[in-house]
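To start, the structure itself, in structure tokens.
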Amino acid sequence: DKSEYRYGGYHPVYIGEVFANRYKATKKLGWGEFSTVWLAWDMMDEQFAALKISKSAPDYRKASTWEVQIFERINLKLQGTEDEHTQKGLNKDGHNCLESQCVVRMHSSFDHQGVNGSHLVMVFEVLGPNLLS
Numbered sequence: 005d006k007s008e009y010r011y012g013g014y015h016p017v018y019i020g021e022v023f024a025n026r027y028k029a030t031k032k033l034g035w036g037e038f039s040t041v042w043l044a045w046d047m048m049d050e051q052f053a054a055l056k057i058s059k060s061a062p063d064y065r066k067a068s069t070w071e072v073q074i075f076e077r078i079n080l081k082l083q084g085t086e087d088e089h090t091q092k093g094l095n096k097d098g099h100n101c102l103e104s105q106c107v108v109r110m111h112s113s114f115d116h117q118g119v120n121g122s123h124l125v126m127v128f129e130v131l132g133p134n135l136l137s
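Everything in the sequence shown is counted per this note's numbering, starting at 5 for the first residue and increasing by one.
Below you can see the structure in the form of structure tokens.
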């Protein structure tokens with residue numbers, strides 16, 4: 005919806021736009037109520053990443069901040085810093101979570117100042133289609 009591209013709403017990403025002096029937007033992958041998702045080329049690591057760019061309104065930013073905190077907690081568990089069992093990368097059933105394709109990894113997050121406000125950007129590994137697909 006084009007009406008959501010306003011102050012407090014989506015950031016109007018353009019192909020070739022560079023984020024954090026590192027990620028170059030190449031293709032829009034999708035969108036939702038809170039954000040848009042873009043395929044971006046990581047010019048530092050020379051690989052693709054998925055950028056989830058939140059709307060800039062305070063309520064959306066707050067929800068996105070919670071999402072970052074959740075992914076940071078997941079990353080700690082997957083790195084095995086929670087207890088001895090997860091240090092080996094195993095869950096309670098003995099499944100190796102560190103090798104799992106079931107949990108997306110958030111690499112980092114940062115703020116991006118755009119014409120529609122300050123947007124929280126989350127950087128994820130690229131896996132495949134979204135849940136709706």
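The beta carbon of each residue, even a glycine, is placed where N, CA and C say it ideally should be.
What you are looking at is a predicted structure, and each value in this text was computed from that prediction instead of being measured.
Going by other Cβ atoms of all chains shown within 10 Å of its Cβ, with 16 needed for buried, is residue i buried or exposed?
i	result
Ser-113	buried
Ser-7	exposed
Val-127	buried
Leu-55	buried
His-89	Its pLDDT being 48, under 50, His-89 is placed unreliably by the model, and nothing is read from it.
Lys-31	exposed
Where DSSP assigns a beta bridge to residue i, which residues make up the other side?
i	result
Asp-115	Leu-124
Tyr-9	Answer is none; Tyr-9 lacks a bridge partner.
Lys-56	Val-41, Met-126
Asp-46	Tyr-27, Gln-51
Trp-35	Thr-40
Val-22	Lys-28
On a Cα-Cα basis, can you pick out the residue from the options that is closest to residue i?
i	options	result
Trp-35	Glu-50, Ile-57, Ala-24	Ile-57
Ala-29	Trp-45, Phe-38, Phe-75	Trp-45
Phe-75	Val-22, Ala-24, Gly-118, His-111	His-111
Glu-37	Tyr-9, Gln-51, Asn-25, Gln-117	Tyr-9
His-116	Ala-24, Gly-20, Asp-5	Ala-24
Leu-131	Asn-79, Ile-78, Leu-43, Gly-20	Leu-43
Arg-77	Asp-49, Met-48, Met-47, Arg-109	Arg-109
Can you tell me the Cβ-Cβ gap for residue i and residue j, rounded? I've got them flagged as a contact below 8 Å.
i	j	result
Ala-53	Tyr-27	6 Å
Val-41	Leu-33	4 Å
For this session: Mind the definition here: the region 6-13 touches the region 56-65 only if three or more C-beta pairs lie below 8 Å; say whether that holds.
Result: Below 8 Å, enough C-beta pairs join the region 6-13 and the region 56-65 to call them touching: three or more.
Problem set entry | Stretch-stretch touch, CB-based, cutoff 8 Å, three pairs: the region 64-72 with the region 116-136 | As far as the Cβ criterion goes, the region 64-72 touches the region 116-136, which means the pair count is three or higher.
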